[in-house]
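If you're matching positions, the sequence shown starts at 2 in my numbering and goes up one per residue. Don't be surprised by glycine CBs; every beta carbon is placed ideally from N, CA and C. From a predicted model like this one, the values you see are computed outputs, not experimental measurements. So the structure is just underneath, and the comments pick up after that.
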Amino acid sequence: LIQGGGSICASLDVLGAKVVVADPDAGTITADDATVCLDNATVTISATPDGNSVEPMFYQTVYVLTSGPDLVIQ
2 LIQGGGSICA SLDVLGAKVV VADPDAGTIT ADDATVCLDN ATVTISATPD GNSVEPMFYQ
62 TVYVLTSGPD LVIQ
């Protein structure tokens, strides 16, 4: 590093940048109704988050309904 110049334009931060590492986790949800009946080929289901998710700042939790071992999105 050449103080005041040199062939590369850069700066040196001896302390480094603060990095916060978060381990995002969607958590779990609980079905609002234990049993849902299928009427006329249409059913509405809902669930409530259990409050155990880890959502870092600027992240958003989204739940998607899937089925089967291949996790096909419904």
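Nearest C-alpha to F59 among D14, A23, I9, G17: A23. Rounded to the nearest angstrom, the gap between the Cα atoms of V55 and A27 is 7 Å. In the displayed model, A23 falls within coil according to three-state DSSP, outside both helix and strand.
DSSP lists S68 as the bridge partner or partners of V73.
Residue state for D40 is assigned as strand, using DSSP reduced to three classes.
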